[in-house]
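Below: one structure, written as structure tokens.
Numbering (my numbering), first residue to last: 54 to 329.
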């Protein structure tokens, strides 16, 4: 059965009307840059709060960027999040990739003592700022033993849900596309998601890496490079948000339940709280 041109045109109009229209004014940066900058600001503010304000900072750091995202969402931003979801098969693959990338992030610091500062027996030519400082890890008991569950829930919310959302919006949806049009002063929104160029690949790798503390650079580079390759295959931002979220959630779960899984070079149990 054939469809008349009028019916086809009407169907196309109906599908397109379900998505927010692309903004025609402005550069469109703030929905992507704003949450990231707000998070950086809250981290700076949290570091200057007086002793005893750890609980406030724990909730402030994820809530501030999340509220920024919700503000832009209700104004019609993020068409890439509105136009496509995940299938069960696709999400299952994303979860497996996220778990594999957890091993990549964790492995070097577990098996190479020279990448950590906590082992006096290890001799390393690396400067201290490129070695993991395990002396001040995340403390789930910061609000007392009775609040540990709430502290861990708040940390999981921020680390595995909010952080992947605003980081992937910034890195994979903004930086990856903006790097392609920067020299031409073009509109990054005209660039398709997951469009490969060497410039965008290098740009996302650099920006993602320098957004982490220096000792994480060893694993940040291969993590973002490999997840970029997965993004080119999936072409779905939700897929990368899920991959990122699974990696972070797995790291936190390993810190909670895996305290006796690994030993350092002196045979002592290696706490994994410094990862989160």
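We put the CB at the ideal spot given by N, CA and C, even for glycine.
So if DSSP puts residue i in a beta bridge, which residue, or which two residues, is it bridged to?
| i | result |
| --- | --- |
| residue 185 | 169 |
| residue 322 | 316 |
Just how far apart, CA to CA, sit residue i and residue j?
| i | j | result |
| --- | --- | --- |
| residue 276 | residue 154 | 6 angstroms |
| residue 115 | residue 222 | 15 angstroms |
| residue 309 | residue 315 | 13 angstroms |
| residue 224 | residue 256 | 9 angstroms |
| residue 100 | residue 111 | 11 angstroms |
| residue 321 | residue 296 | 32 angstroms |
| residue 246 | residue 317 | 42 angstroms |
| residue 140 | residue 126 | 23 angstroms |
| residue 107 | residue 303 | 23 angstroms |
| residue 274 | residue 203 | 33 angstroms |
| residue 285 | residue 248 | 7 angstroms |
| residue 133 | residue 319 | 49 angstroms |
| residue 236 | residue 142 | 39 angstroms |
| residue 238 | residue 209 | 39 angstroms |
| residue 181 | residue 135 | 44 angstroms |
| residue 97 | residue 88 | 14 angstroms |
| residue 169 | residue 311 | 18 angstroms |
| residue 104 | residue 195 | 11 angstroms |
| residue 200 | residue 156 | 30 angstroms |
Just to confirm, are residue i and residue j a CB contact at a threshold of 8 angstroms?
| i | j | result |
| --- | --- | --- |
| residue 102 | residue 109 | yes |
| residue 323 | residue 91 | no |
| residue 250 | residue 158 | no |
| residue 305 | residue 266 | no |
| residue 219 | residue 122 | yes |
| residue 198 | residue 179 | no |
| residue 291 | residue 137 | yes |
| residue 207 | residue 327 | no |
| residue 226 | residue 85 | yes |
| residue 230 | residue 244 | yes |
| residue 325 | residue 307 | yes |
| residue 270 | residue 161 | no |
| residue 171 | residue 188 | yes |
| residue 228 | residue 263 | no |
| residue 190 | residue 205 | no |
| residue 268 | residue 183 | yes |
| residue 152 | residue 217 | no |
| residue 383 | residue 213 | Only positions 54 to 329 of the chain appear in this structure, which leaves residue 383 out of reach. |
| residue 117 | residue 95 | yes |
| residue 254 | residue 289 | no |
Should residue i be flagged as near chain C, meaning a C-beta pair shorter than 8 angstroms?
| i | result |
| --- | --- |
| residue 291 | No chain C is part of this structure, which consists of one protein chain only. |
Name the two residues that bound the continuous alpha helix (DSSP H) containing residue i.
| i | result |
| --- | --- |
| residue 161 | 141–164 |
| residue 257 | 251–263 |
| residue 309 | 290–310 |
| residue 110 | 107–126 |
| residue 225 | From DSSP, residue 225 is part of no alpha helix (DSSP H); its letter is neither H nor E. |
| residue 267 | Unbroken run through residue 267: none, as it is neither H nor E. |
Does DSSP put residue i in a helix, a strand or coil?
| i | result |
| --- | --- |
| residue 195 | coil |
| residue 135 | helix |
| residue 212 | helix |
| residue 180 | coil |
| residue 101 | coil |
| residue 234 | helix |
| residue 330 | Nothing in the structure corresponds to residue 330, since the chain is present only between 54 and 329. |
| residue 276 | helix |
| residue 246 | coil |
| residue 60 | Low confidence applies to residue 60: its pLDDT is 42, below 50, so where it sits in the model is not reliable enough to give any reading. |
| residue 190 | coil |
| residue 202 | helix |
| residue 67 | For residue 67, the predicted structure reports a pLDDT of 39, less than 50, and the residue's modelled location is therefore unreliable. A value from the coordinates is still provided. Helix. |
| residue 74 | Any answer about residue 74 is weak, because its pLDDT of 42 lies below 50 and its placement is not dependable; what the coordinates show is given next. Residue 74 falls in the coil class under three-state DSSP. |
| residue 96 | helix |
| residue 82 | coil |
| residue 329 | coil |
| residue 129 | coil |
| residue 239 | coil |
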